[in-house]
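Remarks on the structure that follows.
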Amino acid sequence: MCNRERNITVFNEAAEQLFGWPAKEMLGQPVDRLVTANYLANHARTFVAATDRLDAAPEDWQLTRHKLTGMAVHHDGHEFGIEIAIRGIKYGGQVEFIATC
Numbered sequence: 012m013c014n015r016e017r018n019i020t021v022f023n024e025a026a027e028q029l030f031g032w033p034a035k036e037m038l039g040q041p042v043d044r045l046v047t048a049n050y051l052a053n054h055a056r057t058f059v060a061a062t063d064r065l066d067a068a069p070e071d072w073q074l075t076r077h078k079l080t081g082m083a084v085h086h087d088g089h090e091f092g093i094e095i096a097i098r099g100i101k102y103g104g105q106v107e108f109i110a111t112c
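Take any residue in the sequence shown, count from 1 to its spot, add 11: that is its number in the working numbering.
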């Protein structure tokens, strides 16, 4: 999970295994460090568009079924293809994103 500032708020055991980073090192870090530099512009553009849609939505709203395909970066530096299903949630004035990789 990450917040509207794109900082990681939850990094579970499956994410630790996939990306090679321990959760304690990733919490609070920008989610951008998990994708390649070439993919970052698309990732950032999609994130901004989703945040704008959620900001304009009524309270207690969610965006579902958004899928991104790109390249991720493992802690050891190797790059790998990834598909990410994203759900954006607006509740209590907060906007958060849940990604399933």
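Just so it is clear, CB atoms sit at the ideal spot from N, CA and C, and this is done for glycine as well. Please read all numbers here as calculations on a predicted model, not as lab measurements.
| Query | Result |
| --- | --- |
| Report yes if the CB atom of Ile97 is closer than 7 Å to the CB atom of Ala83, and no otherwise. | no |
| Report the rounded CA-to-CA distance for Trp32 versus Pro69, giving the unit in angstroms. | 36 Å |
| Does Phe91 come out as helix, strand or coil in the three-state DSSP assignment? | strand |
| Looking at the strands, I want to know which residues DSSP matches up with Val84. | Glu90 |
| State the start and end residues of the unbroken beta strand (DSSP E) segment that holds Ala110. | Gln105 to Thr111 |
| List the DSSP bridge partners of Lys78. | Ala96 |
| May I ask which residues mark the beginning and end of the alpha helix (DSSP H) holding Ala55? | Ala48 to Ala67 |
| What residue range does the alpha helix (DSSP H) around Leu38 cover? | Here Leu38 belongs to no alpha helix (DSSP H), and DSSP marks it neither H nor E. |
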